[in-house]
Amino acid sequence: MGKFTNKIVLITGATRGLGAALSHRFAAEGATLILMAKRVDGLERLDTELEQYGVETTLVPLDLNKVDRLENLPQALGDKYGRVDVLIGNAAILGNLSPVTHFSPKTFQQIMDVNVTANWHLMAGLECLLRNSRTPRSIFVTSGVSQMVNPFWGPYAASKAALEVLVKTYAAEMEKTPLRVNLVDPGVMATDMFKKAMPGVDLTQISSPKEMTDVFLYLAGEECRETGQVFKARDFKADPEKTKAASSKPQKTSKAKAKPRPKKDL
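This is the structure in structure tokens:
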């Protein structure tokens, strides 16, 4: 039996890069996998690769640019499984690297829809299924560019910064429940996205996505107690205990309460 035998793990952007590496890692640990990606052929190819592990898989071909299609997902998964133990929001798009004002409204909206809005839909829609788990975990993939000012990376960086605030807020709201909610910054990896952003870099000199997966297994596991934190995958790989200790510091949260609006006569 693997560490995640009898656990139901949902991974978005499952067919390439980090998503594919995570699919293999969790399958190797016995997880039942719900795999989401845009292309059916990619999902079928991944499913064939995962047959070696003998785990159950459910393939969900879904374009996260069409976020309205996420509305039926919770009901379908609830009917089939009754719960979700681990949600991994990995899918993201980069868009073109251009000056902020050169993006078309359509491209800007697509980046926000996939990188932020789709993850909000997953948070909101799957919360009821995660609450049915004894040890629910949600993990979202961010990027170091969310903390930097890099010319030409505007919409992507803004989407990741927005995602971090959204996830940390959600974690604070869920703090008194069993649900642990965290983010992972995987760092530079040899992926198609990195190749698109840095076409002149030799990918053989860059870490593979597989090397960055250890932290996800920890955050998805029953031993994880941290919530509302950003874990750097590279730091965790080098020194897990030091990284966990650094990430266990409490987040600052506002104690202010919203004041109710005065009632008005109709």
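Its first residue numbered 2, the sequence shown is counted upward by one per residue in the working numbering. Positions of the beta carbon are idealized from the N, C-alpha and C atoms, including for glycine. The model shown is predicted, which means the values in this text are computed figures rather than measured ones.
Worksheet item: Using the beta-carbon count (16 or more within 10 Å), is K107 buried or exposed?
Response: exposed
Worksheet item: Per DSSP, what kind of secondary structure is A38 in: helix, strand or coil?
Response: strand
Worksheet item: Just to confirm, are I9 and L23 a CB contact at a threshold of 8 angstroms?
Response: No; because the gap between Cβ atoms is not below 8 angstroms, this pair is not in contact.
Fill in: Expected contact under 8 angstroms - CB spacing of F268 and L98 to nearest Å
Because the chain spans 2 through 267 in this model, residue 268 falls outside it and cannot be assessed.
Item to complete: Mind listing, in chain order, the continuous beta strand (DSSP E) runs of no fewer than 3 residues lying wholly within the stretch 111-176?
Response: Entirely contained in the stretch 111-176, the beta strand (DSSP E) runs reaching 3 residues are, in chain order, 138-142.
Worksheet item: Which residues does DSSP pair with V185 in a beta bridge?
Response: V185 is bridged to V142 and F232.
Fill in: Contact check, N116 vs G83, beta carbons under 8 angstroms
Inclusion of N116 and G83 in the CB contact set at 8 angstroms is not warranted, their separation being larger than that value.
Worksheet item: If you scan the stretch 29-113 from start to end, which runs of the beta strand (DSSP E) of 3 or more residues do you find wholly inside it?
Response: 33-38, 58-62 and 87-90
Fill in: Cα-Cα separation between S105 and L36, rounded to whole angstroms
31 angstroms
Worksheet entry | Alpha-carbon spacing of V101 relative to K4, whole angstroms | 44 angstroms
Discussion item. With DSSP as the reference, identify every bridge partner of L11, one or two as the case may be.
Written reply: I35 and L88
Discussion item. Does D18 pass the burial test, meaning 16 or more other C-beta atoms within 10 Å, or should it be called exposed?
Written reply: The question names Asp, but residue 18 is Gly in the sequence shown. G18 comes out buried.
Discussion item. According to DSSP, is L180 part of a helix, a strand, or is it coil?
Written reply: coil
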